[in-house]
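Presented below is the structure to which this report refers.
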Amino acid sequence: MALNAKIPVGPLKDKWQNYLAKTHIVNPANRKKLDIIVVGAGLSGGGAAASLAELGYNVKVFFFQDSARRSHSVAAQGGVNAAKNYKNDGDNVYRMFYDTIKGGDFRSREANVYRMAEVSVDLIDHMVAQGVPFAREYSGYLSNRSFGGVLVSRTFYARGQTGQQLLMATYQAMMKQVKAETLKQYKRHEILDIVIVDGKARGIIARDLDTGKIERHAAHAVVFGTGGFGKIFYLSTLAMNSNGSANWRAHKKGAYFANPSWTQIHPTALPQAGEHQSKLTLMSESLRNDGRIWVPKKKDETRAPGDIPEEDRDYYLERRYPAFGNLVPRDVASRAAKERMDAGHGVGSLKNAVYLDFKTAIEKLGVDTIKERYGNLFTMYEKITAINAYKEPMKISPAAHFSMGGLWVDYELQTTIPGLFAVGEANFADHGANRLGANSLLQASVDGNFILPNTISNYLSNEIRTGKISTDTPEFEEAEKSVKEQVEKLLAIKGTMPVDKIHRRLGKIMFKEVAMSRNEKGLKWAIEEIRKLRTEFWENIAVSGDQNGPNSELEKAGRLADYLEIAELMAVDALNRRESCGAHFREDFQTEDGEAKRDDKNFMYSSAWEWDNGENWKLHKEPLEFTEVKPTVRSYK
Amino acid sequence: MKLTLKIWRQENAKSKGKMVTYKMSDLSEDMSFLEMLDVLNQSLAIKGERVIEFDHDCREGICGQCSLVINGQAHGPESHYTTCQTHLRSFKDGDTLFVEPFRANSFPVIRDLKVDRSSMDKIIQAGGYISSFTGMAPEANAIPIHHDIAESAFDSAACIGCGACVATCKNSSAALFVSAKISHLAKLPQGKVEREERVQWMVNAHDNEGFGSCSNTGACAMVCPQEVQLIDITRMNYEYNRAVCHSKE
């Protein structure tokens, strides 16, 4: 199938308005005849569920958590961007668009990025109206701060819990619609397959995680707000149960997967402390506004950080990137940290960290200001590490964080399966090869609240005569059967290798060869290792218990089975792209001073991979056309 | 280090539960409490035994999904921590720990340490929101909100809905949880429009869901991971009385 991104005509700044002017909408009286399934209740899925329910559609929302207030959007700390120009510092929609395109190393779709910047303005209004207690100046007006990769202050924040506050607003909007009975929630449900009837997405097969019951649910359209798959690295900033399974099952039913290997490795997470560790907690990038990153100049330094004098410290970001300093984008900051650690300057007992130091900021601004800006982050840091970061520097380290890649979608956020839409981190188009800080909450929220409700109507306007979709069809039968077979197969192996152990081993392979730094030999090795591990999984996985009730090992095993396939596609994608761009750094394609070397002549495209029955993948290329900006060498020096 | 765990095992809401003893060794004090349970579950899975079901997700103290009462204290021995933030350095080598679910009539046990907290969602459904639809909002800076009001609203809005307050309260009251939402929204000008209906609906829903009454012992605020303040309960009572006095009936 040829890719058609369906980008509207007209100049970039008019495209979204042109689209809205011409798209088909559904008569309010017909909306209640249309069923929509939303999978995921974070900012994107939850925003879509609430907004679609407000419009009068019948919406069912599915999520694996025990409440719609817990999706991993909740953990985003630093803020949400919007081109409000409240600071009079020269910001506008175009500048925000340009920063995002450049931050993504000219590998994102221009029209989508412009639209995201355009509607960012409405999002702040919306969230304030919903009761988000954003930080305020003493005048009572909204406050802003700066984030990596930009020179203006356009980030709105609620202390270090911005994601939580936006999600609370979204959750509350959902609960309002649950009361109004236009939204029905299915908590503790996991999606195990998508059902296609006559080429269209018509429903899902879900497992009730409390009872183990396998259920069929039908709808006129399905929306995935299923998030990213960074947990594939096992150690990551993601929640323990975040997974890529819904997206992967859709991929195997015909949805193309775009740029799967582009994973953002976040520069400021807590370092791994031991072998049992399950999670790398993120420390918000906003800390880089006031914190300075450094390592000792001397290799294998043994002095405590407070005893190392200024002249023996290497503020390597300020040294290498004087224009942006500590606020370079995430991919650049992570790679620079890796370079210093590989050169023997890492700190901490495992030499796997760098210092993030607030000494200068505290001297300048006082402890109280730092406390108000980042208090909860310092508290969180102390709870986990038992270190008071007001007194000594934090130790931070790069960790797997955000999936820039995801399901390929067109301008309407529709995948290559008609009737299946993907919003937020689950799709791919807006962040290119590297996402800028505070654009994640933005993209998730605007996709769900403002964009999808206006594009899905174009599809649904053709469905008003369809009538109720039955679940009593061979397609549902077939999908349910294959899901049940897999569950039974996992339980029947009764091997000796626990799920977490295989997952950790997969994570090690991925972090070594398919993370911050890649090369041909390593990627080929990774593919071999992933295949071996997959064989071992299906021969020797230990899943105890049964399927007739809660069984967390069974849930984890199903997710890992998918990860073991996603991992291979990630390596295949990284191998195909013989250039460096953003987070995708190929050691074999770099400049003399170690920066990423893009190849616009051969790789100015998004890779969209088609599943080919597990034999191989077929590559489709969506060419990236830049009409308003000229791709340049991305420099933060 | 070594620990003896006495963990509550219960098949489902209807069956009777009991404490089961597990001996753990080779633990390191840098491990989190839940990582210790991961290790225990791995050993059970290899032996073909049913693993211990417990709730958790973000493991950084913000999603509110983890629970557990450890040695009689919701979220473990450290004040204002969640269970997922609790590390073994909080215990001594050789300690015996009693691990139970959050216990309350409104939180039926699903299995082992997992409980159903839907009753808290139902309280929010009753009125814990601002009835503004997507697209209705005025320009964000049109309503200035004093810095201190915004900060104070945040303090209440920070609640993660974990239910530790309920598990701790001798009456199984969710007063701290309900009052945090009422206070968050009543403090902000956007939320003031519906303040009277909201407080009455939410307080009624709280009682209908079977949560007990508040007798102001303050135990809830001692464990709250987000340090939601007891004064929010006073605010809730004020809002409730104010609403009744203003009632049109």
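Protein chains in written order, with our numbering: chain A, 875 to 1511; chain B, -18 to 230.
Cβ coordinates follow ideal geometry from the N, Cα and C atoms, glycine included.
1) Closest Cβ-Cβ distance between Q1421 (chain A) and chain B: below 8 Å?
2) Please report the distance separating the alpha-carbon of S48 (chain B) from that of Y893 (chain A).
3) The beta strand (DSSP E) that contains N932 (chain A), what's its start and end?
4) Would M183 (chain B) count as contacting chain A if we go by Cβ distances under 8 Å?
5) If you measure beta-carbon to beta-carbon, which residues of the segment 126 to 139 of chain B are closer than 7 Å to chain A?
6) Using three-state DSSP, classify F1350 (chain A) as helix, strand or coil.
7) Please tell me whether S6 (chain B) has its Cβ less than 8 Å away from any Cβ of chain A.
8) Run the CB neighbour count on Q1046 (chain A), radius 10 Å, all protein chains shown included, and call it buried at 16 or more, exposed below.
9) Would you check if the distance between the CB atom of T115 (chain B) and the CB atom of P206 (chain B) is smaller than 8 Å?
10) Give a yes or no on whether the minimum CB-CB distance between N152 (chain B) and chain A is below 8 Å.
11) In angstroms with no decimal places, state the Cα-to-Cα distance between H187 (chain B) and L15 (chain B).
12) How about Y1479 (chain A) and K1495 (chain A): are their beta carbons less than 8 Å apart?
13) Keeping to the same chain, check which residues put their C-beta closer than 6 Å to that of K95 (chain B); ignore five residues upstream and five downstream.
14) Identify the residues that DSSP records as bridge partners of Q54 (chain B): which are they?
15) Would a C-beta distance cut-off of 8 Å place L(-14) (chain B) and V80 (chain B) closer than the cut-off?
16) Quick one: is L25 (chain B) near chain A, going by C-beta distance under 8 Å?
17) So with Cβ pairs under 8 Å, would you call S112 (chain B) a contact of chain A?
18) Could you name each continuous alpha helix (DSSP H) segment of 4 residues or more that falls completely within the segment 1064 to 1124 of chain A, going from the start of the chain to the end?
19) M0 (chain B): buried (16+ other C-beta within 10 angstroms of its C-beta) or exposed?
20) For F1232 (chain A), which of helix, strand or coil comes out of DSSP?
21) Closer than 6 Å by C-beta to A1457 (chain A): which residues in its own chain qualify, once you throw out the five before and the five after it? Chain order, please.
22) Would you mind reading off the limits of the beta strand (DSSP E) that contains Q1138 (chain A)?
23) For a minimum of 3 consecutive residues, which ranges assigned as the beta strand (DSSP E) are wholly contained in the segment 76 to 108 of chain B?
24) I'd like to know whether the C-beta of C44 (chain B) is nearer than 8 Å to at least one C-beta of chain A.
25) Quick one: measure Cβ to Cβ for F135 (chain B) and A1032 (chain A), integer angstroms, because I've assumed they're closer than 8 Å.
26) Less than 8 Å separating the beta-carbons of G1101 (chain A) and G916 (chain A)?
27) If I follow the unbroken alpha helix (DSSP H) through Q66 (chain B), where does it start and stop?
28) Rounded to whole angstroms, what's the CA-CA distance from P815 (chain A) to R1508 (chain A)? Just pull it up for me.
29) According to the Cβ coordinates, are G1369 (chain A) and E1337 (chain A) closer than 8 Å?
30) From Y1012 (chain A) to Y960 (chain A), what does the alpha carbon distance come to, in whole angstroms?
31) Using only the alpha-carbon positions, how far apart do M1001 (chain A) and P119 (chain B) sit?
32) Going by DSSP, which residues form a beta bridge with A1416 (chain A)?
33) May I ask you to list the residues that DSSP assigns as paired with L1493 (chain A)?
34) From this set, A:L1201, A:T1036, A:D1462, which residue's C-alpha is nearest L1025 (chain A)'s C-alpha?
35) Is K906 (chain A) helix, strand or coil by DSSP?
36) In the DSSP assignment, the alpha helix (DSSP H) including A927 (chain A) goes from what residue to what residue?
Let me lay it out:
1) no
2) 47 Å
3) 932 to 936
4) no
5) I126, H127, H128, A131, A134, F135, A138, A139
6) helix
7) no
8) buried
9) no
10) no
11) 31 Å
12) yes
13) E34, D36
14) B:I51
15) yes
16) yes
17) yes
18) none
19) exposed
20) coil
21) W1136, Q1138, D1205, A1307, N1308
22) 1137 to 1143
23) 77 to 81, 90 to 92
24) yes
25) 6 Å
26) yes
27) Premise fails: Q66 (chain B) is in no alpha helix (DSSP H) and is neither H nor E.
28) The structure shown does not extend to residue 815 (chain A), since chain A is modelled only from 875 to 1511, so the question has no answer here.
29) no
30) 14 Å
31) 11 Å
32) A:P1372
33) A:W1483
34) A:L1201
35) coil
36) 917 to 929
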